[in-house]
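Q:
There are 2 protein chains.
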Amino acid sequence: MTNKGQILRLLNYKNLLKHLQSLGFKKVFSDNISDTLEISSSLVRKDFGNFGITGNRKGGYDIDSILSKIDEILGKDEIQRVIIVGVGRIGEALMSYQGFIKEGIQIVAGFDIEPDKTKTDTSVPIYHIDKVSDFIIENKIKICILTVPQMVAKHTVDLLSASGIGGILNFTPIKFQSTSELTINNINIVHELENLIYVVNKQKENQSKT
Amino acid sequence: MTNKGQILRLLNYKNLLKHLQSLGFKKVFSDNISDTLEISSSLVRKDFGNFGITGNRKGGYDIDSILSKIDEILGKDEIQRVIIVGVGRIGEALMSYQGFIKEGIQIVAGFDIEPDKTKTDTSVPIYHIDKVSDFIIENKIKICILTVPQMVAKHTVDLLSASGIGGILNFTPIKFQSTSELTINNINIVHELENLIYVVNKQKENQSKT
DNA sequence: ACTAATATGTGAATTTTGTGTCATAAACAA
DNA sequence: TTGTTTATGACACAAAATTCACATATTAGT
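Chains as they are written, first to last, in our numbering: chain A, 335 to 544; chain B, 335 to 544.
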């Protein structure tokens, strides 16, 4: 019933609705949303229907109630504690990224193999990778951001998996498969860029044909 | 004919094939690829077919020729010059990211509004944002990575668009739509993480139901 | 040379995802 | 109250993406 892109769309709805809310709007129509996101209004209504979000015929949808419903769907009642494994440049950048906290996501610790990177006097402590397994178990961590070098990626995933983690957001270039126990979502920045380059070059070719 | 995920799959094929090549393999069968990537072998064959990659019945595909064909498809004959706009933590991390160069992508400059961030004595120079428009035009830059703060995202996209850039890889939380002139691919890290959290929590629920 | 084995290539079938259509409920006006 | 408008919600339809199924080419063994 709920398909792949639906949650990502729901998050887009949320962003837009929060914006409209901040502008003082109280209600919204499916085609207000569909127009700005460039999808069909029936898809918006279908998504809402699938998640049990209802509106009033002629009256549209109440922004406040959609937003609280979305938060409920996403389980925003409790703060999600996330760890970052691999405190290189990208790991470091994500560790201090301000965008997480207002979505109820808290980076609670970083882990790295370099002993001189470990420090516990900062707002987010960085521990040695040896301690990650105990930390996950003791703190019941379910989600991890993986930003280690490619060389140690597989080994690290195995370690995290053995520690019983539930989900990994993987920024390494190695593509990992999910299992029933462990969901791994891969973000390959180089591939995203290569894909963009392909599309842009293709587009240019087609334009010059005209 | 060529569909949305196809190029990203092609890049996955490339990674896998390079790995197999490094292990000394000369040829590969569609189900070798499909097994490791957990897709169907017919999809692999169909992708290959769509891109004009042919194999030998019974004999499989020749790894060397697939790889050179893929590079040809991706236009890897020339180095792609890319700029980064917004040298905050993420921009900085991407600027020194080692993964780009071996895929023929070169980060040629960074741009930021902070005057004390500008420096030209480094391997990749950082200029003031005022100079981005001229730089794009003079150097015929087609692709940009956008890592500015949310507040100035829209304004910056307008600026880049007016300078005639062809593609933006957008890391800001604002979702932008592509036009026929300008392709914008959005990577929303917070959304990716929220999506993962949703899936993992859902999974846990379903497991406890059993 | 003949036969058996096997992996490709491709059209058909299926699944997945998104859109159009329209009856109906709600709101408003007269 | 009655009529008119209008946006939802449900479902049929369409499009896109993926898998199935199998004829065909190619190789290897006897």
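Where a beta carbon is used, it is the ideal one built from N, C-alpha and C, also for glycine.
Can you check which of these residues, 475(A), 508(A), 499(A) and 501(A), is closest to residue 486(A) by C-alpha distance?
A: Locating residue 486(A) in the first sequence gives position 152, where the first residue counts as 1. Closest by alpha carbon: 508(A).
Q: Have a look at 489(A), 513(A), 492(A) and 480(A) and flag the residue whose alpha-carbon is nearest the alpha-carbon of residue 502(A).
A: The count along the first sequence starts at 1 and reaches residue 502(A) at position 168. Checked all of 489(A), 513(A), 492(A) and 480(A); the closest Cα to residue 502(A) is 480(A).
Q: With a cut-off of 9 Å, does the C-beta of residue 434(A) fall near any C-beta of chain B?
A: Walking along the first sequence from the start, residue 434(A) turns up at place 100. Yes, its Cβ sits closer than 9 Å to a Cβ of chain B.
Q: Determine which residues share a DSSP beta bridge with residue 443(B) and list them.
A: Within the second sequence, residue 443(B) is the residue found at index 109, counting from 1. For residue 443(B), which the question treats as bridged, DSSP gives the partners 417(B).
Q: Assuming residue 343(B) and residue 381(B) form a contact by the criterion Cβ under 8 Å, report the distance between their Cβ atoms to the nearest whole angstrom.
A: In the second sequence, counting from the first residue as 1, residue 343(B) sits at position 9. In the second sequence, counting from the first residue as 1, residue 381(B) sits at position 47. Their Cβ separation, rounded to whole angstroms, is 6 Å, which keeps residue 343(B) and residue 381(B) in contact under 8 Å.
Q: Give me the chain A residues within the contact set of residue 509(B), using Cβ-Cβ distance strictly less than 8 Å, ordered along the chain.
A: In the second sequence, the residue the question calls residue 509(B) occupies position 175. Near residue 509(B) (Cβ distances below 8 Å), the residues of chain A are 346, 349 and 371.
Q: Identify which residue in 527(B), 488(B), 474(B) and 358(B) has its Cα closest to the Cα of residue 417(B).
A: Along the second sequence, one-based indexing puts residue 417(B) at 83. The option with the nearest alpha carbon to residue 417(B) is 474(B).
Q: Quick check on residue 486(A) - is its C-beta less than 9 Å from some C-beta in chain B?
A: One-based indexing of the first sequence puts residue 486(A) at position 152. Closer than 9 Å: no.
Q: At a Cβ cut of 7 Å, what residues of the stretch 440–470 of chain B count as close to chain A, listed as they run along the chain?
A: Within the stretch 440–470 of chain B, no residue qualifies.
Q: According to DSSP, residue 462(A) sits in a beta bridge with which residue or residues?
A: The residue labelled residue 462(A) in the question sits at position 128 within the first sequence. Looking at the DSSP assignment, residue 462(A) forms a beta bridge with 446(A).
Q: Taking contact to mean 3 or more Cβ pairs, one atom from each stretch, closer than 8 Å, check whether the stretch 423–433 of chain B and the stretch 421–435 of chain A are in contact.
A: The answer is yes - the stretch 421–435 of chain A touches the stretch 423–433 of chain B, with three or more Cβ pairs under 8 Å.
Q: Taking DSSP's pairing of strands, which residues face residue 362(B) in a bridge?
A: The residue given as residue 362(B) occupies position 28 in the second sequence. DSSP lists 395(B) as partners of residue 362(B).
Q: What residue from 517(B), 513(B) and 482(B) has the CA that sits closest to residue 506(B)'s CA?
A: Locating residue 506(B) in the second sequence gives position 172, where the first residue counts as 1. Closest by alpha carbon: 482(B).
Q: Extract the residue ranges of the beta strand (DSSP E) inside the stretch 504–531 of chain B, only unbroken runs of 3 or more that lie entirely within it.
A: Entirely contained in the stretch 504–531 of chain B, the beta strand (DSSP E) runs reaching 3 residues are, in chain order, 517–520.
Q: Any residues in the stretch 491–502 of chain B with a beta carbon nearer than 7 Å to a beta carbon of chain A? Which ones, in chain order?
A: Residues 500 and 501.
Q: Examine the Cβ distances between the stretch 380–400 of chain A and the stretch 351–368 of chain A and report whether three or more of them are shorter than 8 Å.
A: Yes: the two stretches touch, three or more of their Cβ pairs being nearer than 8 Å.
Q: Would you list the one or two residues that DSSP bridges to residue 338(B)?
A: Along the second sequence, one-based indexing puts residue 338(B) at 4. Answer is none; residue 338(B) lacks a bridge partner.
Q: Here's a check: name, in chain order, each residue in its chain whose Cβ is nearer than 6 Å to the Cβ of residue 500(B), leaving out the five neighbours to either side.
A: Position 166 of the second sequence, counted from the start, is the residue given in the question as residue 500(B). For residue 500(B), where only same-chain residues beyond five positions count, the Cβ hits under 6 Å are 476.
Q: With 8 Å as the C-beta to C-beta threshold (strictly closer), list the residues of the stretch 516–537 of chain B near chain A in chain order.
A: Listed in sequence order: 517, 519, 521, 522, 523, 524, 525, 526, 527, 528, 529, 530, 531, 532, 533, 534, 535 and 537.
Q: Which residue from 402(B), 437(B) and 490(B) puts its Cα closest to that of residue 445(B)?
A: As a position in the second sequence, residue 445(B) is number 111, starting the count at 1. Cα-wise, what sits closest to residue 445(B) is 490(B).
Q: Examine chain A for any beta-carbon lying closer than 9 Å to the beta-carbon of residue 354(B), and answer yes or no.
A: Translated into the one-based positions of the second sequence, residue 354(B) becomes position 20. Not an interface residue.
Q: How would you call residue 338(A), buried or exposed, if buried means at least 16 neighbouring beta carbons within 10 angstroms?
A: Here residue 338(A) refers to the residue found at position 4 of the first sequence. With fewer than 16 other Cβ atoms within 10 Å, it is exposed.
Q: If you draw a straight line from the alpha carbon of residue 408(A) to that of residue 532(B), how long is it in whole angstroms?
A: Stepping through the first sequence from its first residue, residue 408(A) is reached at position 74. Stepping through the second sequence from its first residue, residue 532(B) is reached at position 198. Each residue's Cα considered, the two are about 6 Å apart.
Q: Is residue 437(B) close to chain A, meaning its C-beta is less than 9 Å from at least one C-beta of that chain?
A: For the purposes of this step, residue 437(B) is taken as residue 103 along the second sequence, with counting starting at 1. Yes, residue 437(B) counts as interfacial toward chain A.
Q: How about residue 406(B): is its C-beta nearer than 9 Å to some C-beta of chain A?
A: To locate residue 406(B), count along the second sequence from 1; it is residue 72. Chain A, which has no Cβ nearer than 9 Å to the Cβ of residue 406(B), makes this no.
Q: Evaluate residue 341(B) with the Cβ neighbour count: other Cβ atoms within 10 Å of its Cβ, from every protein chain shown; 16 or more gives buried, anything less gives exposed.
A: Residue 341(B) sits at position 7 when you count from the first residue of the second sequence. Burial call: buried.
Q: Quick one: what's got a C-beta closer than 6 Å to residue 372(B)'s C-beta in the same chain, skipping five residues either side?
A: Mapped onto the second sequence, residue 372(B) falls at position 38. Nothing listed; no residue qualifies.
Q: When the Cα of residue 386(B) is compared with those of 458(B), 412(B), 404(B) and 427(B), which residue comes out closest?
A: In the second sequence, counting from the first residue as 1, residue 386(B) sits at position 52. Among 458(B), 412(B), 404(B) and 427(B), the Cα nearest to that of residue 386(B) belongs to 404(B).
Q: Please classify residue 538(B) as buried or exposed, where buried requires at least 16 other C-beta atoms within 10 Å of its C-beta.
A: Here residue 538(B) corresponds to residue number 204 of the second sequence, with the count starting at 1. Exposed is the call here.
Q: Kindly list the residues whose CB is nearer than 8 Å to the CB of residue 504(B), restricted to its own chain and excluding five residues on each side of it in sequence; keep chain order.
A: Within the second sequence, numbered from 1, the residue matching residue 504(B) stands at position 170. Taken in chain order, the residues that qualify are 480, 487, 491, 510, 518, 519, 520 and 521.
Q: Figure out for me which residue from 462(A), 378(A) and 457(A) has the closest Cα to the Cα of residue 450(A).
A: For the purposes of this step, residue 450(A) is taken as residue 116 along the first sequence, with counting starting at 1. It is 462(A) whose Cα lies nearest to the Cα of residue 450(A).
Q: Would you report the Cα separation of residue 525(A) and residue 393(A), rounded to the nearest angstrom?
A: Here residue 525(A) corresponds to residue number 191 of the first sequence, with the count starting at 1. Here residue 393(A) corresponds to residue number 59 of the first sequence, with the count starting at 1. For residue 525(A) and residue 393(A), the distance between alpha carbons rounds to 44 Å.
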